[in-house]
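See below for the structure under consideration.
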Amino acid sequence: MDLFFPLQAAADWLTYDVFSLSPDTHLSEAVAFFLYDATKILLLVYFITLLAGIIRFHLPIERVRDYLASHSLFGLDYFLATVFGAITPFCTCSSIPLFIGFLKAGIPLGVTFAFLITSPLINEIAIGLFIGLFGLKVTLLYVATGIIIGMVGGAIIGNLKMERFVADFIWNTGTAANLPHEQQRSLRTEWPSIRREAGNTFRTVAPYILIGVGVGALIHGFVPADFFESVLQRFGFLSVPVAVILSVPLYSNAAGVIPVIQSLIAKGVPLGTGLAFMMGTVGLSLPEALILKKVIKLPLLLTFFGVVTAGIILVGYLFNAVVG
Amino acid sequence: MAHESILSIEVLGAGCPNCTALFERTKAAAAALGIEAEVRYSTDIGRIAELNVLRTPVIIVNGVPLVAGSLPDLNEIKALLTNVRSAA
Numbered sequence: 001m002d003l004f005f006p007l008q009a010a011a012d013w014l015t016y017d018v019f020s021l022s023p024d025t026h027l028s029e030a031v032a033f034f035l036y037d038a039t040k041i042l043l044l045v046y047f048i049t050l051l052a053g054i055i056r057f058h059l060p061i062e063r064v065r066d067y068l069a070s071h072s073l074f075g076l077d078y079f080l081a082t083v084f085g086a087i088t089p090f091c092t093c094s095s096i097p098l099f100i101g102f103l104k105a106g107i108p109l110g111v112t113f114a115f116l117i118t119s120p121l122i123n124e125i126a127i128g129l130f131i132g133l134f135g136l137k138v139t140l141l142y143v144a145t146g147i148i149i150g151m152v153g154g155a156i157i158g159n160l161k162m163e164r165f166v167a168d169f170i171w172n173t174g175t176a177a178n179l180p181h182e183q184q185r186s187l188r189t190e191w192p193s194i195r196r197e198a199g200n201t202f203r204t205v206a207p208y209i210l211i212g213v214g215v216g217a218l219i220h221g222f223v224p225a226d227f228f229e230s231v232l233q234r235f236g237f238l239s240v241p242v243a244v245i246l247s248v249p250l251y252s253n254a255a256g257v258i259p260v261i262q263s264l265i266a267k268g269v270p271l272g273t274g275l276a277f278m279m280g281t282v283g284l285s286l287p288e289a290l291i292l293k294k295v296i297k298l299p300l301l302l303t304f305f306g307v308v309t310a311g312i313i314l315v316g317y318l319f320n321a322v323v324g
Numbered sequence: 001m002a003h004e005s006i007l008s009i010e011v012l013g014a015g016c017p018n019c020t021a022l023f024e025r026t027k028a029a030a031a032a033l034g035i036e037a038e039v040r041y042s043t044d045i046g047r048i049a050e051l052n053v054l055r056t057p058v059i060i061v062n063g064v065p066l067v068a069g070s071l072p073d074l075n076e077i078k079a080l081l082t083n084v085r086s087a088a
């Protein structure tokens, strides 16, 4: 990545000249890697979070809902829902109001789930980390995969006709007026609050990123290349599902997990297995499940999780087979 | 001012950290402005459905959503509450 050349030069200068670590040692490799990656990723995450704030300003979720509610385009709505899901920032806190609001606006259950599946999978922090750690090509593959999992998952849920497993009160409550809409706002007047929110998000994830990159740097510096290849061979074919299951409890630490996985991949973990693990970390969230349990009944909740888990595992195998 | 125009303040959320943070800030803002109405916190999902908000947490003043889906700082909340007061 040429764009980041000055950062690389600065990291090298600090490591070898200022700290006077001798080159080609495990320690100096780890230090240089940490300085370069940590700054690059923090910068990327900050800018992409800001960008997400700008997108959220121009495309508020209310508008997405209205658009999806008025365009049932022979399956194209599944695609649109995932694209909107990808570009709108996701917060677990909002999954309930989103779910209720979409259904009440008349958006089909499957399309609503397509949105709910993709939204956490493709979020601004994951994108920032992916670009920084894996480059643009793998990031685009990741995004495409997240969209496909959302579309297929949503379509499956839609076809299973599981509307009866949605809490009754959602269909029964009347619709109140919308938010009394704020006066005409402009990007300029909203800029301070967009920046503040980006700053808040950034401060929350930065420690995790630093820890994750730190652990990743140690792995880069000290673990022999191809080390994990031999470890994973013991799991053989099962390594992808095992990775996905292990990823579930790590949800809140996605920002710390992704840098570690990148270094595991660099040391011999197949890309598909690593990718499945990362998708599991961001896409399968127990807190979200507990929250959604309040609005959907168990069969639908299990189907939702089952479909996403199966999708992620399949993607893992697919990547291992193709890129492997 | 003889008459207080803010009769009720409610923070509605799904119970996430952002929601509780907003509740604490709203309480502090109301106290700083000398608003007597009690600030309540609710995780009632039925209310979320009724109000037709797509994002939580929400500050609801006199039954009307004021802010949804963001975590304004103390001064902004104070300004918003002051606006409601002077508009009444």
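The listed protein sequences correspond, in order, to chains A and B. Here our numbering is used: the first residue of the first sequence is 1, the next is one more, and so on. Here our numbering is used: the first residue of the second sequence is 1, the next is one more, and so on. Virtual Cβ for every residue (Gly too), placed ideally from N, Cα, C.
Within 8 Å of any Cβ in chain A, is that where the Cβ of residue i sits?
{"i": "Ser5 (chain B)", "result": "no"}
{"i": "Ser70 (chain B)", "result": "yes"}
{"i": "Ala87 (chain B)", "result": "no"}
{"i": "Val61 (chain B)", "result": "no"}
Taking the DSSP output, what are the residues bridged to residue i?
{"i": "Pro65 (chain B)", "result": "B:Ile60"}
{"i": "Ile9 (chain B)", "result": "B:Val39 and B:Val61"}
{"i": "Ile296 (chain A)", "result": "A:Val166"}
If I'm right that residue i touches residue j with Cβ under 8 Å, what's the distance once you round it to whole angstroms?
{"i": "Gly46 (chain B)", "j": "Thr56 (chain B)", "result": "At roughly 13 Å, the Cβ-Cβ gap does not stay under 8 Å, so Gly46 (chain B) and Thr56 (chain B) are not in contact."}
{"i": "Leu35 (chain A)", "j": "Thr15 (chain A)", "result": "6 Å"}
{"i": "Ile96 (chain A)", "j": "Ile77 (chain B)", "result": "Rounded, the Cβ-Cβ distance is 23 Å, inconsistent with contact."}
{"i": "Ala114 (chain A)", "j": "Gly75 (chain A)", "result": "That belief does not hold up - the Cβ atoms of Ala114 (chain A) and Gly75 (chain A) are roughly 10 Å apart, past 8 Å."}
{"i": "Phe19 (chain A)", "j": "Val31 (chain A)", "result": "7 Å"}
{"i": "Gly53 (chain A)", "j": "Glu197 (chain A)", "result": "6 Å"}
{"i": "Ile219 (chain A)", "j": "Leu250 (chain A)", "result": "With a Cβ gap of about 16 Å, Ile219 (chain A) and Leu250 (chain A) do not count as contacting."}
{"i": "Ile157 (chain A)", "j": "Leu121 (chain A)", "result": "In fact, because the Cβ distance is near 15 Å, the residues do not count as touching under 8 Å."}
{"i": "Gly106 (chain A)", "j": "Ala155 (chain A)", "result": "That belief does not hold up - the Cβ atoms of Gly106 (chain A) and Ala155 (chain A) are roughly 18 Å apart, past 8 Å."}
{"i": "Ile312 (chain A)", "j": "Val244 (chain A)", "result": "5 Å"}
{"i": "Leu51 (chain B)", "j": "Pro65 (chain B)", "result": "6 Å"}
{"i": "Ile9 (chain B)", "j": "Ala30 (chain B)", "result": "6 Å"}
{"i": "Leu22 (chain B)", "j": "Gly13 (chain B)", "result": "7 Å"}
{"i": "Asp254 (chain A)", "j": "Asp37 (chain A)", "result": "Before going on, a small fix: residue 254 (chain A) reads as Ala here, not Asp. Contact flag wrong, Cβ pair sits at about 17 Å."}
Please decide whether residue i counts as near chain B, where near means a Cβ-Cβ distance under 8 Å.
{"i": "His181 (chain A)", "result": "For His181 (chain A), the predicted structure reports a pLDDT of 46, less than 50, and the residue's modelled location is therefore unreliable. A value from the coordinates is still provided. Taking Cβ atoms only, chain B never reaches closer than 8 Å to His181 (chain A), which makes this a no."}
{"i": "Lys267 (chain A)", "result": "no"}
{"i": "Ser285 (chain A)", "result": "no"}
{"i": "Phe304 (chain A)", "result": "no"}
{"i": "Asn200 (chain A)", "result": "yes"}
{"i": "Phe169 (chain A)", "result": "yes"}
{"i": "Val295 (chain A)", "result": "yes"}
{"i": "Ile312 (chain A)", "result": "no"}
{"i": "Glu197 (chain A)", "result": "yes"}
{"i": "Ser22 (chain A)", "result": "no"}
{"i": "Gly256 (chain A)", "result": "no"}
{"i": "Ser239 (chain A)", "result": "no"}
{"i": "Ile100 (chain A)", "result": "yes"}
{"i": "Ile87 (chain A)", "result": "no"}
{"i": "Ser186 (chain A)", "result": "no"}
{"i": "Pro207 (chain A)", "result": "no"}
{"i": "Pro97 (chain A)", "result": "yes"}
{"i": "Ile157 (chain A)", "result": "no"}
{"i": "Ser94 (chain A)", "result": "yes"}
{"i": "Ile261 (chain A)", "result": "no"}
{"i": "Ile147 (chain A)", "result": "no"}
{"i": "Ile48 (chain A)", "result": "no"}
{"i": "Ile291 (chain A)", "result": "yes"}
Along the stretch 55–85 of chain A, where does the CB come closer than 8 Å to a CB of chain B? Name the residues.
Interface annotation for the stretch 55–85 of chain A against chain B: Ile61, Glu62 and Arg65, criterion Cβ-Cβ distance under 8 Å.
For this session: Determine which residues of the stretch 29–55 of chain B have a Cβ less than 7 Å from any Cβ of chain A, and write them out in chain order.
Result: Along the stretch 29–55 of chain B, the positions whose C-beta sits under 7 Å from a C-beta of chain A are Ile45, Gly46, Ile48, Ala49, Glu50, Leu51, Asn52, Val53, Leu54 and Arg55, read in chain order.
**Asked** Unbroken alpha helix (DSSP H) runs of length 4 or more, entirely within the stretch 242–278 of chain A: which are they?
**Response** Listed in chain order, they are 254–266.
Task: Proximal residues, the stretch 8–27 of chain B versus chain A, C-beta separation under 7 Å - done: Within the stretch 8–27 of chain B, contact with chain A at the beta-carbon level (separation under 7 Å) is assigned to Gly13, Ala14, Cys16, Asn18 and Cys19.
What are the residues of the stretch 28–41 of chain A that lie near chain B, defined by any Cβ-Cβ distance shorter than 8 Å?
-> Here the close residues number zero.
query: Which parts of the stretch 35–95 of chain A are runs of the alpha helix (DSSP H), unbroken and 4 residues or longer, counting only runs that do not cross its ends?
result: Whole alpha helix (DSSP H) segments, 4+ residues: 61–70 and 76–87.
Which residues, taken in chain order from the stretch 104–127 of chain A, show a beta carbon closer than 8 Å to some beta carbon of chain B?
When C-beta distances to chain B are compared with 8 Å, the residues of the stretch 104–127 of chain A below that value are Lys104, in chain order.
Extract the residue ranges of the alpha helix (DSSP H) inside the stretch 96–124 of chain A, only unbroken runs of 4 or more that lie entirely within it.
You should have 109–121.
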